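**Student:**
Protein chains in written order, with our numbering: chain B, 14 to 709; chain E, 570 to 715.
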């Protein structure tokens, strides 16, 4: 039992510390779990409090959502999990859920006397990690700790995977591919091809196999050049070699372009598949603007939501998906564009797809998209058509469809699933999941339009909020404009799987959006899954959020440009980025403005709470870390971006900037979350170390 | 002994409350939550329930009397009422709430008014019985410690 016996006391440091370590769960675990319970019904509230106390949890109760949010904001690191009623007078429980997902990335359990399928589904789509029907039994509360651990574990797993286990991942991917392809006849062929491609990608070698290439920072300018080259060649004809020639950038290698192209394609697919205006895809991408942001986010969000909605997506799947998506992209630089390879593999699958008109699109869309297509899923053609662009749909579907089906096409999930589907799931699962999703056409717009905070995925799914985040992980920031950059990555969240952002950069590196530095890594980081780090790069994970969601926030927030005149702003930016990331991950892209608003609001409040000194500290921390200079650069850009962020109207750019900035702020912790004093355990340290290592 | 008899009476009444469907599983949970730290937990919760219910019932009455009837608000109130009554295991009351909500979603004013009468009735019955029961429990507890 926690030492803080007081009712409603905030978690104490001791209990916090006890919870920090994922790996080393304290003996008294889950005692001391810090729960915030929100319910306007006083009777229920008291009963819940008592029950939770009896479970040895540390309970804080709130009878109003606004109070709960304020409490959470003041105490960013103070809670492990939130339980909230659905019907509340001052704020809808789902809205609160979204806020929490965006800002704090904590697992949230919804509860209600209402057990209607619709409401429960809403919980799923909004990202609740569980849904309890009132009257809540103590047995149900006893096990809520699992959601906390699961989230952490998922984050860790990604982290580990992205970190050093590249080989393992590769193997896993290959096996996943094999599984996936096994559904098709060409399984063997695909697997071997994939393996080969993976090897190539992973080792980032082509001609200069022995050299470990430094990560390329896809700055805005560079990306613009890339896009121009791609457009000139035609998206279907754009091959890395030709693009490279057109771009004529010294030092850029074919591999760099290839992986970037892969992400870009995913991004495009996602754009087209996701939104009702799918066809804008190419256009929107060309002008990476807000629009793209929207659809992408929606896509991402959609996927998760869809999955969740489908109810078929077990939490695990979602988490996997997200992790995969996120992890992939960031992770392993060694595998820059697994997607590319997969694309080939999957395109093979296309014919197999049973999608009707969607097929056309599939073909048209990147082959990469096919990845999903190839999955012998039960997707109905109509479903595809709903999404407009098959490719994207697949992607999305996949993400949605992450089903627990065991087969794993986890590979696919990883790669295709923008949402970072975790590998364990089959692509088919994805597809299947997607089905329900698409079948509910309205859902798409729904997710798009709503800043849904998919905290983890469907009810009962343990996917935690992380999943959400995966989606966010925009792996690709091709747009020169800050907004585009932001948008893109977000959209690319799905791409992440394939694109290990070679930019070593580490999360912070993501280049300042304002500067237009486009970093792949950053993008992945953008995914910022606050809570859930799919892990590709340790750094990303660190940045994003390590096993401990609450900690992540701090991380992101900490980065602050000392240069920034308004230190507070700096903090805010970070917060914003954090928030943005969170928001993104939940795939709320669609509600960009809304998200932005949310984010900005959240961030502002967050920022307000930060001490002015934080930025300085952050900077100091930053400086103290043997971080790549790029980080410093980013800092500057962050500062620039900050200004943008403070604009009332938060465009996507702002969000993206925020994300990017957040990305940058990996190491340094905000004052309140002083890195040194950070309660993060060794894991984070390792992450940081890992990040630093990757930078080398 | 008095105490034994009291305890026996308490047990009997308790059983009948469950057998007759007035109380349900959640009430047992409340009882289990009662411990040395909260020796009157059940009573506290029930009292809280009474005051909260009184407020909700008043709101519902008011909403039912207003014209036109705002069914959304009605449903909202009743949802809350159902939530708290189910939390303490007030089975019959909760069931009547469900009936009410059905009429409410059908926007059947007549049905709402009728079923609300049922809700109030069940609520009144349960309240009386609980008061008797809890008083007995208190007496038995006191006699035990005496």
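Each residue gets a CB set at the ideal place from its N, CA and C atoms; glycine is no exception.
Being a predicted model, the structure only gives us computed values, none of them experimental.
In this structure, does DSSP put residue 683 of chain E in helix, strand or coil?
**Tutor:** Three-state DSSP puts residue 683 of chain E in a helix.
**Student:** Taking 7 Å as the limit between beta carbons, can you name the residues of its chain near residue 594 of chain E, skipping five residues before and five after?
**Tutor:** Excluding residues within five positions, the ones whose Cβ falls inside 7 Å are 658.
**Student:** Touching or not, the segment 53–60 of chain B and the segment 644–653 of chain E, by the rule of three or more beta carbon pairs under 8 Å?
**Tutor:** Touching, yes.
**Student:** Does the CB of residue 147 of chain B have a neighbour CB from chain E at under 8 Å?
**Tutor:** Yes, residue 147 of chain B lies at the interface with chain E (some Cβ there is under 8 Å from its Cβ).
**Student:** In the DSSP assignment, find the alpha helix (DSSP H) that holds residue 77 of chain B and state where it starts and stops.
**Tutor:** No alpha helix (DSSP H) contains residue 77 of chain B, which DSSP labels as neither H nor E.
**Student:** Leaving out five residues on either side along the sequence, give the residues of the same chain with a beta carbon under 7 Å from the beta carbon of residue 135 of chain B.
**Tutor:** Once the five neighbours on either side are set aside, the close Cβ partners of residue 135 of chain B are 107.
**Student:** Please check if any C-beta of chain E sits within less than 8 Å of the C-beta of residue 150 of chain B.
**Tutor:** With 8 Å as the cut-off, residue 150 of chain B counts as an interface residue toward chain E.
**Student:** Taking the alpha carbon of residue 278 of chain B as the reference point, which residue from B:101, B:57 and B:243 has its own alpha carbon closest?
**Tutor:** Ranking the options by Cα distance to residue 278 of chain B, first place goes to B:243.
**Student:** So, under 8 Å CB-CB, residue 89 of chain B and residue 117 of chain B are touching, yes? Tell me the CB distance rounded to an integer number of Å.
**Tutor:** Between residue 117 of chain B and residue 89 of chain B the Cβ distance is about 6 Å, and since that is below 8 Å, they are a contact.
**Student:** Can you check whether the C-beta of residue 714 of chain B is within less than 8 Å of a C-beta belonging to chain E?
**Tutor:** Because chain B here runs from 14 to 709, residue 714 of chain B falls outside it and cannot be looked at.
**Student:** According to DSSP, simplified to helix, strand and coil, what is residue 248 of chain B?
**Tutor:** Three-state DSSP puts residue 248 of chain B in coil, outside helix and strand.
**Student:** For residue 40 of chain B, which of B:69, B:64, B:128 and B:65 has the nearest alpha-carbon?
**Tutor:** Residue B:69 is the option with its Cα nearest to residue 40 of chain B.
**Student:** Step through the CB atoms of chain E and report whether any lies within less than 8 Å of the CB of residue 143 of chain B.
**Tutor:** Chain E contact via Cβ: absent.
**Student:** How many whole angstroms separate the CB atoms of residue 276 of chain B and residue 267 of chain B, which I take to be in contact at a CB cut-off of 8 Å?
**Tutor:** Not really, about 15 Å apart at Cβ, beyond 8 Å.
**Student:** For the segment 586–602 of chain E and the segment 659–673 of chain E, state whether three or more C-beta atom pairs, one from each stretch, are separated by less than 8 Å.
**Tutor:** Touching, yes, given that three or more Cβ pairs across the two stretches are closer than 8 Å.
**Student:** Could you tell me whether the Cβ of residue 472 of chain B comes closer than 8 Å to any Cβ of chain E?
**Tutor:** Unreliable placement is indicated for residue 472 of chain B, whose pLDDT of 37 sits below 50; the coordinate value is still reported in the next sentence. Taking Cβ atoms only, chain E never reaches closer than 8 Å to residue 472 of chain B, which makes this a no.
**Student:** By the DSSP assignment, the beta strand (DSSP E) with residue 144 of chain B in it spans what residues?
**Tutor:** Element bounds for residue 144 of chain B: 143–146.
**Student:** Closer than 7 Å, Cβ to any Cβ of chain E: which residues of the segment 42–60 of chain B, in chain order?
**Tutor:** Against chain E - using a Cβ distance shorter than 7 Å - the residues of the segment 42–60 of chain B are 54, 55, 56, 57, 59 and 60.
**Student:** Output needed in chain order: residues of the segment 60–71 of chain B with a Cβ under 8 Å from some Cβ in chain E.
**Tutor:** If the cut-off is 8 Å between Cβ atoms, the segment 60–71 of chain B has 60, 63, 64 and 67 near chain E.
**Student:** Where does residue 102 of chain B land, buried or exposed, given buried means 16+ other C-beta within 10 angstroms?
**Tutor:** Residue 102 of chain B is exposed by the Cβ-count criterion.
**Student:** Just to confirm my understanding: we take residue 713 of chain B, look at its own chain, exclude 5 residues before and 5 after, and list those with CB closer than 6 Å. What are they?
**Tutor:** What the structure shows of chain B is the stretch from 14 to 709, and residue 713 of chain B is not part of that stretch, so it cannot be assessed.
**Student:** Candidates B:61, B:245, B:114 and B:257: which alpha carbon is nearest residue 155 of chain B's?
**Tutor:** Nearest option by C-alpha distance: B:61.
**Student:** For residue 651 of chain E and chain B, any beta-carbon pair shorter than 8 Å?
**Tutor:** Taking Cβ atoms only, chain B reaches closer than 8 Å to residue 651 of chain E, which makes this a yes.
**Student:** Report the neighbours of residue 127 of chain B on chain E: residues whose CB is nearer than 7 Å to its CB, in chain order.
**Tutor:** Within 7 Å Cβ-Cβ: 648.
**Student:** Figure out for me which residue from E:645, E:604, E:610 and E:586 has the closest Cα to the Cα of residue 695 of chain E.
**Tutor:** If we check each option's Cα against that of residue 695 of chain E, E:586 comes out closest.
**Student:** Using a cut-off of 7 Å between C-beta atoms, extract the partners of residue 618 of chain E located in chain B.
**Tutor:** Those are 56, listed as they occur along chain B.
**Student:** By a C-beta neighbour count over all protein chains shown, 10 Å radius and 16 as the cutoff for buried, is residue 1 of chain B buried or exposed?
**Tutor:** Because chain B is modelled from 14 through 709, residue 1 of chain B falls outside the range shown and cannot be assessed.
**Student:** Using CA coordinates, which residue listed in B:280, B:256, B:269 and B:42 is at the minimum distance from residue 159 of chain B?
**Tutor:** Residue 159 of chain B has its Cα closest to that of B:42, out of B:280, B:256, B:269 and B:42.
**Student:** Under 8 Å between C-beta atoms, does residue 669 of chain E make it to chain B?
**Tutor:** So no, residue 669 of chain E is outside the interface.
**Student:** Taking residue 50 of chain B as part of the beta strand (DSSP E), name the residues at either end of that continuous run.
**Tutor:** Note, residue 50 of chain B: beta strand (DSSP E), 47–51.
**Student:** Can you tell me which of the three DSSP states residue 659 of chain E falls into?
**Tutor:** Correct three-state label for residue 659 of chain E: strand.
**Student:** Taking the alpha carbon of residue 642 of chain E as the point to measure from, which residue in E:702, E:709, E:674 and E:611 has its own alpha carbon closest?
**Tutor:** Of E:702, E:709, E:674 and E:611, the residue nearest in Cα terms is E:674.
**Student:** Can you confirm whether the segment 627–637 of chain E touches the segment 675–686 of chain E when touching is taken to mean that 3 or more C-beta pairs between the two stretches lie within less than 8 Å?
**Tutor:** As far as the Cβ criterion goes, the segment 675–686 of chain E touches the segment 627–637 of chain E, which means the pair count is three or higher.
**Student:** Please classify residue 606 of chain E: is it buried, with 16 or more other beta-carbons within 10 angstroms of its beta-carbon, or exposed?
**Tutor:** By the 10 Å Cβ count, residue 606 of chain E comes out exposed.
**Student:** Report buried or exposed for residue 80 of chain B, applying the criterion of at least 16 other Cβ atoms within 10 angstroms of its Cβ.
**Tutor:** Exposed, because fewer than 16 other Cβ atoms sit within 10 Å of the Cβ of residue 80 of chain B.
**Student:** Under 8 Å Cβ-Cβ, which residues of chain C neighbour residue 607 of chain E?
**Tutor:** This model lacks chain C altogether; the protein chains it does include are B and E.
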